[in-house]
Amino acid sequence: MLSCIEQSVRSIAYGLAFGLCIAPSFAQNTSTAVAPVIDVHVHAMDESFPGGPMCPNEARFLASDPATKEATNGWNQEECTPKLSPAAKGEYLKSMAAEMERLNVTAVVFGDEKSVQKWKDAMPGRVIPGTSFTSGGMGGNGRVPLDELRDDFTKKGFKVMGEIGLQYEGLSPSDMSVDQYFALAEQLDVPVAIHMGTGGSGRANIAMPKFRGSAGNPLLLEELLARHPKLRVQVMHAGYPMIDNMLTLLQASSHVYVDVAGLIWSYPIKEVNHYIQRLVEAGFEDRVMFGTDQLQWPKLMSYSISIIQNAEYLTPEQKRDILYNNAARFLRLDAPKAR
Ligand SMILES: [Zn+2]
């Protein structure tokens, strides 16, 4: 028996009418003909995030010299098409609200209470709030007190625990020092979103000395999952580039989903398509979720959606599954609506 939202999702996916089923949740936002999209990986940044224009899918992980410590992550090359620019000062949230309306996107937005509230105010009804137990930003090893985090999920309306960036600390997600947080997520039936894999050029030797590529190995999740068999896990960045280990984990643990955020625009396009294709062709088409890792470029969302829409190796149904249906199932959007 399909729930109402599943019927609506399928109706949208196959271009059918809604019929008598009134979708209780985000599908109500569908005031236009644009099929809905869920972006499961957005950061509640504002225009204060440092950076500049970015060339998507242009990464080249060039050698650097310890004498100069120079490195490139491929984001700020001089010429490329398209080149994605940050919004004008003070315009970022307004631009994102307009883009999400135009593209009919609902997003899981990660951040602290204040930052996420700004996004909720800017785009009411389109934000599913997420927050995590690390403080001090990515690589910071401060911890939010357990009771405070419990309140975030039981009283303050947060729905997803993430982004959990233990890899930036060189820690395995199965490390016992953070087990109490995962136990809480399992107890409250809150999905967890864990950074696994991607890092960017020179992340460990130049940018963040505690980062370890090996701490992004998807199989490091196995002990955690054994301790918490009901935990719902979103492996952020799909464990890129460790595809064999990712597939091994997906097969062994059917509660595990992946998102393609970050990797979808920050590695060479052929490589990105190859990776997503492997996940789908290995049989995991119902566990791949769309995400951007949106940081500061308003046009990144439409750019990233177009990569899925233009993927010739995906059927129309698989594209809708990745862009919406899989996340709707993972996030249980037929439950009372997130605010
Ligand atoms: Zn991440």
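Take the sequence shown: its letters are residues 37 to 375, numbered as in the numbering used here. Positions of the beta carbon are idealized from the N, C-alpha and C atoms, including for glycine. None of these values were measured; they are calculated from a predicted model.
- Histidine 273 is positioned such that its CB atom lies no closer than 8 Å to that of threonine 328.
- Distance between arginine 248 and tyrosine 276, taken at the CA atoms: about 14 Å.
- The beta-carbon separation of tyrosine 128 and leucine 182, rounded to 33 Å, does not stay under the 8 Å limit for a contact.
- With contacts defined as CB atoms closer than 8 Å, tyrosine 303 and isoleucine 279 fail to qualify as a contacting pair.
- Between the stretch 143-155 and the stretch 74-89, the count of Cβ pairs shorter than 8 Å is three or higher; the stretches touch.
- Checking the DSSP bridge columns, you'll see threonine 167 partnered with Met197.
- In the structure shown, the three-state DSSP call for tyrosine 204 is helix.
- Collapsing the DSSP output to three states places glutamine 153 in a helix.
- Around the beta-carbon of tyrosine 349, fewer than 16 other beta-carbon atoms lie within 10 Å, marking it exposed.
- Distance between methionine 337 and glutamine 345, taken at the CA atoms: about 12 Å.
- Secondary structure at methionine 232: coil, using DSSP grouped into helix, strand and coil.
- Within the model, the alpha-carbon separation for valine 76 versus glutamate 258 is close to 22 Å.
- According to DSSP, residue pairing for valine 144 in a beta bridge involves Ile164.
- With a threshold of 7 Å, the Cβ atom of histidine 231 counts as near ligand 1, since some heavy atom of the ligand is closer than that.
- Across the set Ala240, Tyr339, Gln313, the C-alpha of Ala240 shows the shortest separation from the C-alpha of proline 102.
- Distance between alanine 134 and alanine 262, taken at the CA atoms: about 43 Å.
- Scanning its chain for C-beta atoms nearer than 6 Å, with the 5 sequence neighbours on each side dropped, one finds around histidine 231 the residues Glu199, Gly201, Gln203, Met272, in chain order.
- Aspartate 188 sits in a helix when the DSSP states are folded into three classes.
- Counting along the chain, the unbroken alpha helix (DSSP H) around isoleucine 344 starts and ends at 336-345.
- If only complete runs of 4 or more residues are kept, the stretch 251-300 shows the alpha helix (DSSP H) at 258-263, 279-288, in order along the chain.
- Between the alpha carbons of valine 73 and methionine 132 lies a distance of about 14 Å.
- The C-beta of serine 237 has 16 or more other C-beta atoms within 10 Å across all chains shown, which makes the residue buried.
- Glutamate 321 and lysine 150 have their C-alpha atoms spaced approximately 35 Å apart.
- Pairing threonine 167 with valine 70, the inter-Cα distance amounts to about 29 Å.
- A straight line joining the alpha-carbon of valine 269 with that of phenylalanine 169 spans about 15 Å.
- Proximity of the beta carbon of aspartate 329 to ligand 1 is indicated: a heavy atom of the ligand is located closer than 7 Å.
- Judged by the Cβ position, glutamate 205 fails to qualify as a neighbour of ligand 1 at the 7 Å threshold, every heavy atom of the ligand being at least this far.
- Aspartate 215: member of the alpha helix (DSSP H) spanning 215-224, first to last residue.
- Between ligand 1 and the CB of glycine 249, the shortest heavy atom gap is not smaller than 7 Å.
- Nearest C-alpha to leucine 224 among Glu353, Phe146, Asp187: Asp187.
- Taking lysine 192 as reference, the option from Gly319, Asp357, Pro165, Asn361 with the minimal CA-CA separation is Pro165.
- Residue pairing from DSSP places leucine 120 in a beta bridge opposite Met90.
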